[in-house]
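The listed protein sequences correspond, in order, to chains A and B.
Okay, so the first sequence: first residue is 75 according to my numbering, each after it adds one.
Okay, so the second sequence: first residue is 75 according to my numbering, each after it adds one.
A virtual CB, placed ideally from N, CA and C, is assigned to each residue, including glycine.
This structure is a prediction, so every number in the text was calculated from the model and none was measured.
Structure first, commentary second.
Protein chains: 2
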Amino acid sequence: MEMKLSEATQILERTPVVLIHMLRDLPEEWVRATEGDNTWSCYDVVGHLIHGEVTDWLPRVRMILEYGESRSFEPFDRLAQFREDRTQPIERLLDRFKELRERNLAALSSLRLGAADFPRTGIHPALGTVTLKQLLSSWVVHDLTHISQISRVLAKQYAAEVGPWKAYMGILNISIDRSGDRSGVDPVMP
Amino acid sequence: MEMKLSEATQILERTPVVLIHMLRDLPEEWVRATEGDNTWSCYDVVGHLIHGEVTDWLPRVRMILEYGESRSFEPFDRLAQFREDRTQPIERLLDRFKELRERNLAALSSLRLGAADFPRTGIHPALGTVTLKQLLSSWVVHDLTHISQISRVLAKQYAAEVGPWKAYMGILNISIDRSGDRSGVDPVMP
Numbered sequence: 075m076e077m078k079l080s081e082a083t084q085i086l087e088r089t090p091v092v093l094i095h096m097l098r099d100l101p102e103e104w105v106r107a108t109e110g111d112n113t114w115s116c117y118d119v120v121g122h123l124i125h126g127e128v129t130d131w132l133p134r135v136r137m138i139l140e141y142g143e144s145r146s147f148e149p150f151d152r153l154a155q156f157r158e159d160r161t162q163p164i165e166r167l168l169d170r171f172k173e174l175r176e177r178n179l180a181a182l183s184s185l186r187l188g189a190a191d192f193p194r195t196g197i198h199p200a201l202g203t204v205t206l207k208q209l210l211s212s213w214v215v216h217d218l219t220h221i222s223q224i225s226r227v228l229a230k231q232y233a234a235e236v237g238p239w240k241a242y243m244g245i246l247n248i249s250i251d252r253s254g255d256r257s258g259v260d261p262v263m264p
Numbered sequence: 075m076e077m078k079l080s081e082a083t084q085i086l087e088r089t090p091v092v093l094i095h096m097l098r099d100l101p102e103e104w105v106r107a108t109e110g111d112n113t114w115s116c117y118d119v120v121g122h123l124i125h126g127e128v129t130d131w132l133p134r135v136r137m138i139l140e141y142g143e144s145r146s147f148e149p150f151d152r153l154a155q156f157r158e159d160r161t162q163p164i165e166r167l168l169d170r171f172k173e174l175r176e177r178n179l180a181a182l183s184s185l186r187l188g189a190a191d192f193p194r195t196g197i198h199p200a201l202g203t204v205t206l207k208q209l210l211s212s213w214v215v216h217d218l219t220h221i222s223q224i225s226r227v228l229a230k231q232y233a234a235e236v237g238p239w240k241a242y243m244g245i246l247n248i249s250i251d252r253s254g255d256r257s258g259v260d261p262v263m264p
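Set out below in structure tokens:
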């Protein structure tokens with residue numbers, strides 16, 4: 075499907091509300107549960123999304139518009155959330171993500187981008203030349219993959235409890251070696 | 075994690091609202107998009123969840139309580155949603171799923187089940203002896219896996235649009251042979 079800015083924005087603006095409904099007021103044990111050693115909890119994923127709003131997606135849109143290929147994007151620190159105050163409740167992180175996303179989408183809208191801007195290019199520090207359209211599409215896909223990850227992390231907490239149904243629940247049988255594994259099913263490198 | 079009825083219920087009651095926020099008012103093209111031939115769209119998944127409410131989860135709880143192992147559960151028809159009126163808008167399906175889930179959780183609550191009931195058993199037509207606890211846990215995991223699936227189906231619509239970022243988005247590289255494949259990443263056989 076061809077990326078349309080109106081549709082991409084429609085999905086991006088839903089993500090914080092979807093995550094709030096999935097995670098707010100869940101018992102702490104659920105929010106902090108992982109898929110095993112060196113994998114991320116729902117708490118970690120929301121922290122990662124916050125960092126993406128602050129340092130990644132919209133700043134890179136601006137880099138393309140201002141510098142094109144003359145300056146490379148800043149590398150994204152995918153472990154930044156582990157250096158934040160981790161005593162904050164998930165509800166505060168969810169609210170912060172929602173605020174940042176709203177602000178970023180308002181800023182994006184004020185840039186009045188059109189399809190004519192989509193082929194504009196910038197330099198990703200690892201991927202090389204990328205277009206504005208690819209960046210905006212990746213912002214959307216990144217959200218969706220993390221919603222998918224959060225559902226999977228929660229599902230796995232009952233992996234033993236489902237007994238013989240486990241054979242029917244393919245998601246429980248996906249093993250994640252480590253959260254940073256590019257070959258795994260998670261996107262962690264925006 | 076050990077299944078607690080209060081926590082299981084808390085997750086089950088969120089699912090319709092989460093799906094409403096993900097899917098309501100999305101363009102029809104997105105709602106009906108699949109991962110390829112013989113895979114399910116978001117529309118199909120919501121139809122499947124509706125059939126689970128009507129014919130599967132709560133009816134099986136009642137079967138265990140009433141008949142124990144003396145009668146086998148009815149097999150679940152995982153393709154039933156394809157025989158429904160498929161011209162209904164997704165919003166109507168989402169509302170129907172929400173109503174059914176609310177009604178089923180109210181009925182579940184009125185059964186006043188406790189941990190002492192969890193080891194009670196019934197007969198699954200394919201899996202054999204299963205416990206009430208396994209059934210209730212599977213209801214939760216089934217919801218979560220379908221939320222994960224819906225996110226993945228949506229993400230894949232931009233698989234080409236993300237360009238080189240595809241290498242970082244593991245979810246885009248999961249191939250689903252067909253929606254009924256038990257070895258795949260989707261649960262389709264409750």
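**OP:** Could you work out which residues of chain A lie near residue 101(B), taking near to mean beta carbons separated by less than 7 Å?
**Re:** Within the second sequence, the letter at position 27 stands for residue 101(B). The answer, in chain order, is 81.
**OP:** Have a look at 186(A), 124(A), 241(A) and flag the residue whose alpha-carbon is nearest the alpha-carbon of residue 174(A).
**Re:** On the first sequence, residue 174(A) is found 100 positions in, with the first residue counted as 1. Among 186(A), 124(A), 241(A), the Cα nearest to that of residue 174(A) is on 124(A).
**OP:** Return the bridge partner residues of residue 204(B) from the DSSP annotation.
**Re:** Position 130 of the second sequence holds residue 204(B). 196(B).
**OP:** Determine the contact status of residue 94(A) and residue 179(A), defining contact as a CB-CB distance below 7 Å.
**Re:** Stepping through the first sequence from its first residue, residue 94(A) is reached at position 20. Stepping through the first sequence from its first residue, residue 179(A) is reached at position 105. Cβ atoms of residue 94(A) and residue 179(A): not closer than 7 Å.
Subject >> Secondary structure of residue 146(B), DSSP reduced to three states >> reply: As a position in the second sequence, residue 146(B) is number 72, starting the count at 1. Looking at residue 146(B) - three-state DSSP - the assignment turns out to be strand.
**OP:** Please decide whether residue 117(A) counts as near chain B, where near means a Cβ-Cβ distance under 7 Å.
**Re:** Counted from its first residue, the first sequence places residue 117(A) at position 43. For residue 117(A), the answer is no, since every Cβ of chain B falls outside 7 Å of its Cβ.
Original post:
Residues of chain A with CB under 7 Å from residue 91(B), in chain order?
Top reply: Taking the second sequence and counting its residues from 1, the one referred to as residue 91(B) is at position 17. Per Cβ cutoff of 7 Å: 95.
Subject >> Three-way DSSP call (helix, strand, coil) for residue 114(B) in this model >> reply: Counting from one through the second sequence, the residue named residue 114(B) turns up at place 40. Coil, per DSSP.
Original post:
chain A beta carbons: is any one of them nearer than 7 Å to that of residue 146(B)?
Top reply: For the purposes of this step, residue 146(B) is identified with residue 72 of the second sequence, where counting begins at 1. Residue 146(B) does not count as touching chain A.
Original post:
What does a CB cutoff of less than 8 Å around residue 128(A) pick up in its chain, not counting 5 residues either side in sequence?
Top reply: For this step, residue 128(A) is matched to residue 54 along the first sequence. These residues qualify, in order along the chain: 174.
**OP:** Identify the contact partners of residue 237(B) in chain A, using a Cβ-Cβ distance below 7 Å as the criterion.
**Re:** Start at 1 with the first residue of the second sequence, and residue 237(B) comes out as number 163. Going along chain A in sequence order, the residues near residue 237(B) (Cβ under 7 Å) are 204, 205, 208.
Original post:
Buried or exposed: residue 199(B), going by 16 or more other Cβ atoms within 10 Å of its Cβ?
Top reply: For the purposes of this step, residue 199(B) is taken as the residue at position 125 of the second sequence. Per the 10 Å Cβ criterion, exposed.
Subject >> 8 Å CB neighbourhood of residue 86(A) in its chain, flanking five on each side removed >> reply: The sequence position of residue 86(A) within the first sequence is 12, counting from 1. Taken in chain order, the residues that qualify are 175, 179, 213, 214, 217.
Original post:
In chain B, what lies closer than 8 Å to residue 231(A) by C-beta?
Top reply: Start at 1 with the first residue of the first sequence, and residue 231(A) comes out as number 157. The answer, in chain order, is 75.
**OP:** Determine, using beta carbons only, whether residue 210(B) and residue 107(B) come nearer to each other than 7 Å.
**Re:** The count along the second sequence starts at 1 and reaches residue 210(B) at position 136. The count along the second sequence starts at 1 and reaches residue 107(B) at position 33. Not in contact: residue 210(B) and residue 107(B) (Cβ atoms no closer than 7 Å).
**OP:** List the whole-angstrom C-beta distance separating residue 109(B) from residue 230(B), where the pair is believed to meet the contact cut-off of C-beta under 8 Å.
**Re:** Within the second sequence, residue 109(B) is the residue found at index 35, counting from 1. Within the second sequence, residue 230(B) is the residue found at index 156, counting from 1. Indeed, because the Cβ distance is near 5 Å, the residues count as touching under 8 Å.
**OP:** Examine chain B for any beta-carbon lying closer than 7 Å to the beta-carbon of residue 98(A), and answer yes or no.
**Re:** Walking along the first sequence from the start, residue 98(A) turns up at place 24. No, because no Cβ of chain B sits closer than 7 Å to the Cβ of residue 98(A).
Original post:
So residue 171(A) is in the alpha helix (DSSP H); what residue range does that whole segment cover?
Top reply: By one-based count along the first sequence, residue 171(A) stands at place 97. 164-184 is the extent of the alpha helix (DSSP H) around residue 171(A).
Original post:
Are the Cβ atoms of residue 205(A) and residue 143(A) separated by less than 7 Å?
Top reply: Against the first sequence, residue 205(A) aligns to sequence position 131. Against the first sequence, residue 143(A) aligns to sequence position 69. The answer is no: Cβ separation not under 7 Å.
Subject >> Coarse secondary structure for residue 152(A), derived from DSSP in three states >> reply: The sequence position of residue 152(A) within the first sequence is 78, counting from 1. Residue 152(A): coil per DSSP, three-state reduction.
Subject >> Boundaries (first-last residue) of the alpha helix (DSSP H) holding residue 231(B) >> reply: To locate residue 231(B), count along the second sequence from 1; it is residue 157. Looking at the DSSP string, residue 231(B) is not in any alpha helix (DSSP H), and its letter there is neither H nor E.
**OP:** Measure from the C-beta of residue 139(A) to each C-beta in chain B and report whether the shortest distance is under 7 Å.
**Re:** Within the first sequence, the letter at position 65 stands for residue 139(A). False, the Cβ-Cβ gap to chain B never drops below 7 Å.
Original post:
Do you know whose CA, among 156(B), 112(B), 246(B), 120(B), lies nearest residue 232(B)'s CA?
Top reply: Residue 232(B) sits at position 158 when you count from the first residue of the second sequence. Of 156(B), 112(B), 246(B), 120(B), the residue nearest in Cα terms is 246(B).
Original post:
Applying the criterion that 16 or more other CB atoms from any shown protein chain within 10 Å of the CB defines a buried residue, is residue 185(B) buried or exposed?
Top reply: To locate residue 185(B), count along the second sequence from 1; it is residue 111. Label assigned to residue 185(B): exposed.
Subject >> Buried versus exposed, by CB contacts within 10 Å (16 or more), residue 226(A) >> reply: As a first step, residue 226(A) must be located in the first sequence, where it is residue number 152. Result: buried.
Original post:
Between which two residues does the alpha helix (DSSP H) carrying residue 106(B) extend?
Top reply: Along the second sequence, read from residue 1 onward, the residue named residue 106(B) stands at position 32. Looking at the DSSP string, residue 106(B) is not in any alpha helix (DSSP H), and its letter there is neither H nor E.
Subject >> residue 156(B) burial status per 10 Å Cβ neighbour count (16 or more: buried) >> reply: Counting from 1 along the second sequence, the entry for residue 156(B) is found at position 82. Its Cβ having fewer than 16 others within 10 Å, residue 156(B) is exposed.
Subject >> Other residues of its chain near residue 89(B): CB distance less than 6 Å, five sequence neighbours each side excluded >> reply: Position 15 of the second sequence holds residue 89(B). Around residue 89(B): 217.
Original post:
Hey, quick one: how far does the alpha helix (DSSP H) through residue 81(B) stretch, first residue to last?
Top reply: What you label residue 81(B) is simply residue 7 of the second sequence in a count that begins at 1. Taken as a continuous stretch (DSSP letters only), the alpha helix (DSSP H) holding residue 81(B) covers 79-97.
Original post:
How about residue 251(A): is its C-beta nearer than 7 Å to some C-beta of chain B?
Top reply: On the first sequence, position 177 is the one that residue 251(A) refers to. The predicted model places residue 251(A) with a pLDDT of 46, which falls under 50 and marks its position as unreliable, so this point remains unresolved.
Original post:
What separation, rounded to the nearest whole angstrom, lies between the Cα atoms of residue 162(A) and residue 96(A)?
Top reply: Within the first sequence, the letter at position 88 stands for residue 162(A). Within the first sequence, the letter at position 22 stands for residue 96(A). Going by the C-alpha atoms only, they are around 18 Å apart.
**OP:** Indicate whether at least one CB of chain B lies closer than 7 Å to the CB of residue 211(A).
**Re:** The count along the first sequence starts at 1 and reaches residue 211(A) at position 137. Answer yes: the Cβ-Cβ gap between residue 211(A) and chain B drops below 7 Å somewhere.
Original post:
If we cut at 7 Å on Cβ distances, does residue 182(B) have a partner in chain A?
Top reply: Reading the second sequence from its first residue, position 108 is the one you call residue 182(B). No, residue 182(B) does not count as interfacial toward chain A.
Original post:
Does any CB atom of chain A fall closer than 7 Å to the CB of residue 201(B)?
Top reply: Numbered from 1 along the second sequence, position 127 holds the residue referred to as residue 201(B). Output row for residue 201(B): interface = yes.
Original post:
residue 186(B) versus chain A: which residues are under 8 Å apart at the beta carbon?
Top reply: Taking the second sequence and counting its residues from 1, the one referred to as residue 186(B) is at position 112. The contacting residues do not exist; residue 186(B) stays about 21 Å from chain A at best.
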